[in-house]
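Presented below is the structure to which this report refers.
Residue numbers (the working numbering): 594 to 945.
Here is the structure:
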């Protein structure tokens, strides 16, 4: 049976200043984007073969309609990101604290049991690194998916519409020899977005469970511990003001094959291909099984997983854009009020 879920409500914090941009609810999709692709809509245990890869869930238009919507709503996304940045740098300190407090309320308070479990799963270095993470609202978009699922295209076509100064993109590949000598979360913590920013992980901390589970390079007990650690890690991020959106771009094996072969057929795309892509493709079904288990185990209302069909790139890009817009709009922020005499400053400028 599908799980009962609760879509996080917009923050209800009294803020001074000027109301932020509107239009977030005028989504091109027939329904709430925060619920349309949640993994919880599928029967448990999750089987990704039940999740559509090509169906245009809740969207009745064609490609040209989606591309037009993507372009039209890009400015709204950019404005919402700028609003978050403005809040961090100019809103009254008390209001900033209240916003973080409201975000933190989305997860349970840290219990003695959680503290004890963290001592088992985290190293002192991880705890110290988390302690250095500053508090403040920011969005973390986690993109996962098989090779050629379209993660890079989402970054180029969706994330790029925001001010580059307010976006931090990180691609996680195989850990370096130095990173292998430390706790797997340490390199992730180093690349977390700062307050006021939108961070994007093109592959993420989930690779440290996904890949070993497929290859069998780690014992099952260790992978179970790592999965639990990811959940506790994300809880702590939310306590620091993070809003987490997790997306699996779900591509069919047929479409993935076409995209990988096209990289070999075009010389200018050879750089995007790696012989390991063929190895991963040979394990496609195994990856799907592990993905399903991992998504189901780490989905939470405060850090939801969304499975978005990626056979149509234009559809998946529009869907991710709407998730970002909804997350930023739910912060209910306001443009900070001026702490100076606006009329007097205007006169000074005109008289200069």
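By construction, the Cβ of each residue, glycine as well, lies at the ideal position given by its N, Cα and C atoms.
As the structure is a computational prediction, the values presented were derived from the model and not from experiment.
Euclidean distance between Cα positions of residue i and residue j
i: residue 902; j: residue 631; result: 12 Å
i: residue 760; j: residue 897; result: 21 Å
i: residue 852; j: residue 860; result: 14 Å
i: residue 905; j: residue 647; result: 6 Å
i: residue 873; j: residue 778; result: 24 Å
i: residue 808; j: residue 869; result: 13 Å
i: residue 833; j: residue 667; result: 27 Å
i: residue 815; j: residue 920; result: 33 Å
i: residue 697; j: residue 821; result: 19 Å
i: residue 927; j: residue 916; result: 20 Å
i: residue 813; j: residue 636; result: 24 Å
i: residue 633; j: residue 936; result: 53 Å
i: residue 703; j: residue 823; result: 15 Å
i: residue 871; j: residue 740; result: 10 Å
i: residue 849; j: residue 757; result: 30 Å
i: residue 606; j: residue 614; result: 17 Å
i: residue 642; j: residue 908; result: 19 Å
i: residue 793; j: residue 940; result: 43 Å
i: residue 716; j: residue 799; result: 18 Å
i: residue 847; j: residue 764; result: 25 Å
i: residue 660; j: residue 877; result: 30 Å
i: residue 893; j: residue 602; result: 14 Å
Under 8 Å between C-beta atoms of residue i and residue j
i: residue 616; j: residue 669; result: yes
i: residue 791; j: residue 732; result: yes
i: residue 700; j: residue 828; result: yes
i: residue 681; j: residue 913; result: no
i: residue 628; j: residue 600; result: yes
i: residue 930; j: residue 610; result: yes
i: residue 831; j: residue 735; result: no
i: residue 663; j: residue 879; result: no
i: residue 839; j: residue 895; result: no
i: residue 727; j: residue 788; result: yes
i: residue 966; j: residue 608; result: Since the first residue of the chain shown is 594 and the last is 945, residue 966 is not available in this structure.
i: residue 718; j: residue 775; result: yes
Local conformation of residue i per DSSP, three classes
i: residue 677; result: helix
i: residue 863; result: helix
i: residue 729; result: coil
i: residue 735; result: strand
i: residue 935; result: helix
i: residue 856; result: helix
i: residue 763; result: strand
i: residue 611; result: strand
i: residue 927; result: strand
Buried or exposed (CB count within 10 angstroms, at least 16 for buried), residue i
i: residue 999; result: Here the chain has residues from 594 to 945 only, and residue 999 is not among them.
i: residue 887; result: buried
i: residue 945; result: exposed
i: residue 738; result: buried
i: residue 942; result: exposed
i: residue 755; result: buried
i: residue 677; result: buried
i: residue 626; result: buried
i: residue 689; result: buried
i: residue 843; result: buried
i: residue 806; result: buried
i: residue 770; result: exposed
Which parts of the stretch 875-925 are runs of the alpha helix (DSSP H), unbroken and 4 residues or longer, counting only runs that do not cross its ends? Within the stretch 875-925, the complete alpha helix (DSSP H) runs of at least 4 residues are 877-891 and 906-922.
List in chain order: all unbroken beta strand (DSSP E) runs of 3+ residues lying wholly within the stretch 769-846. The qualifying runs are 791-795 and 835-843.
Which parts of the stretch 638-698 are runs of the alpha helix (DSSP H), unbroken and 4 residues or longer, counting only runs that do not cross its ends? Taking only runs of at least 4 residues, the alpha helix (DSSP H) segments lying wholly in the stretch 638-698 are 656-665, 667-683 and 686-697.
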